[in-house]
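For reference, the structure discussed in these notes is given below.
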Amino acid sequence: VTYFNADLFKAAGIPNPKELSDQGKWNWDTLLESAKKLTDASKQQYGLGFGNWWGPAWGYFTNAAGGGMFNKERTACNLGSAESIAGAKFAQDLYTQKLVPAGDADGEALFNAGKVGMYFNGRWFTPGVRTNSKFAWDVAEMPQGKVKSTWLFWGPYIINAKTANPDAAWEVMKAITAADAMGKVAEMGTNIPSRKDQTAVDAFLKSNPPANNQAFIKGTDYAVAEQALYTGNWGDFSGKVQSLWDQMIAGKITPEDFGKQACEQTTGAFSK
């Protein structure tokens, strides 16, 4: 989702992402407009921030542009497609215009310090913002590019198939996945319940701030599950792509070169 500093938006006299989303106007155009109006070099204040890793960076921007990391079967690189390159270019422009902190900056700390107007992050960021921020804040869905896009990160509980105590393990599994247990975890702010039980859902929705917890739920309608390779070497793929992405946002290579070289250098990451 998009975390945002409501006080900065109010001071700038512009609608915040939640208000824009309610009007059906929260997209890359209004994201860019907002980031420009919130950026103030004299205060070392940036309009937007996001972690420099595949999730909120090259994964999100290429997906939302209508492209993505892989082909449909996840057997080949798709970062060289016209859509993926368009998403990469949009991201590069944010850095070129200095609307976001440098790629190696601690954007989370800057947001909590009131130096970043908007920040892309997951639910796990909520407890830290509650504890460390001194301003009014809320969340909205991710801005729409060519298409709506966000990630579905998940943390499953599993039982080892070779466990020596399957019955006991099953009792533990039932206890920690019960609706009331999920509700208690949701109240802490970190997780979104995986069950649709109303007790757990209500506990999540009432866990404030943020007030707009519905943004997390709405995002599940179009979220893409974590983009791991079905077969192949994810570490090899992501490592090489990240290196090229870092060069691109620093202005050392073009978005076209990023896409082309990413697909050329990662052919060995896909199992045949």
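Numbering (my numbering), first residue to last: 2 to 273.
Glycine included, every Cβ here is placed at the ideal spot set by N, Cα and C.
Remember, predicted model here, so these are calculated numbers, not experimental data.
Task: CB-CB length for V117 against G50, believed under 8 Å - done: Right, the Cβ-Cβ distance comes to about 4 Å (below 8 Å), so this counts as a contact.
Task: Chain-order list of residues whose beta-carbon lies under 7 Å from that of A216 (same chain, five-residue window excluded) - done: Taken in chain order, the residues that qualify are V2, V140, A141 and E142.
Task: Neighbourhood of G190 by C-beta distance below 7 Å, restricted to the same chain and skipping five residues each side - done: If we look at G190 and ignore the five residues flanking it on each side, its Cβ neighbours are T127, P128, R131 and S208.
- [ ] Look at the alpha carbon of G252 and the alpha carbon of D168, and state the distance between them as a whole number of angstroms.
- [x] In a straight line, the C-alpha of G252 is about 57 Å away from that of D168.
- [ ] Note down, in chain order, each residue of its chain lying with its Cβ closer than 7 Å to the Cβ of N79, except the 5 sequence neighbours on either side.
- [x] Once the five neighbours on either side are set aside, the close Cβ partners of N79 are G68, G69, M70, F71, N72 and S85.
Open item on the list: Check for me: the alpha helix (DSSP H) holding Y96 runs from which residue to which?
Closed with: Residues A83 to T97.
Open item on the list: I'd like to know whether the C-beta atoms of A201 and G184 end up nearer to each other than 8 Å.
Closed with: It is a contact, given that the beta carbons lie within the stated cut-off.
TODO: Compute the minimum distance between the beta carbon of D222 and the heavy atoms of the ligand MG, and state whether it is under 7 Å.
DONE: Among the components of this structure there are no ligands whatsoever, and the ligand MG is therefore not found.
- [ ] Return helix, strand or coil for W235, following the three-state DSSP convention.
- [x] The answer is helix: DSSP assigns W235 an H, G or I state.
TODO: Tell me whether D105 sits in a helix, a strand or coil according to DSSP, three-state version.
DONE: If DSSP states are grouped into helix, strand and coil, D105 belongs with coil.
Task: Nearest candidate by alpha-carbon position, reference A66, set F259, S82 and W54 - done: Distances from the CA of A66 to each of F259, S82 and W54 were compared; the closest alpha carbon is that of S82.
- [ ] Determine, using beta-carbon pairs with one atom in the region 86-104 and one in the region 30-48, whether at least three such pairs fall under 8 Å.
- [x] The region 86-104, when compared against the region 30-48, does touch it at the 8 Å Cβ threshold.
Task: Helix, strand or coil at A141 [DSSP, three-state] - done: DSSP places A141 in strand when its eight states are reduced to three.
Task: Length at least 4, wholly inside the region 36-83: the alpha helix (DSSP H) runs in chain order - done: 61-65, all fully within the region 36-83.
TODO: Look at the alpha carbon of M249 and the alpha carbon of K147, and state the distance between them as a whole number of angstroms.
DONE: Taking the straight line from one Cα to the other gives about 21 Å.
Open item on the list: I'd like to know whether the C-beta atoms of G52 and G108 end up nearer to each other than 8 Å.
Closed with: Yes. Within cutoff.
TODO: For P157, count neighbouring Cβ atoms within 10 angstroms of its own Cβ and tell me buried if that reaches 16, exposed if not.
DONE: So P157 counts as exposed.
Task: Alpha carbon of A224 to alpha carbon of W152, nearest angstrom - done: Approximately 5 Å, taken between the alpha carbons.
- [ ] Taking N133 as part of the alpha helix (DSSP H), name the residues at either end of that continuous run.
- [x] From DSSP, the alpha helix (DSSP H) with N133 extends over T127 to N133.
- [ ] Would you decide whether G60 is buried or exposed? Buried here means 16 or more other CB atoms lie within 10 Å of its CB.
- [x] G60 should be labelled buried.
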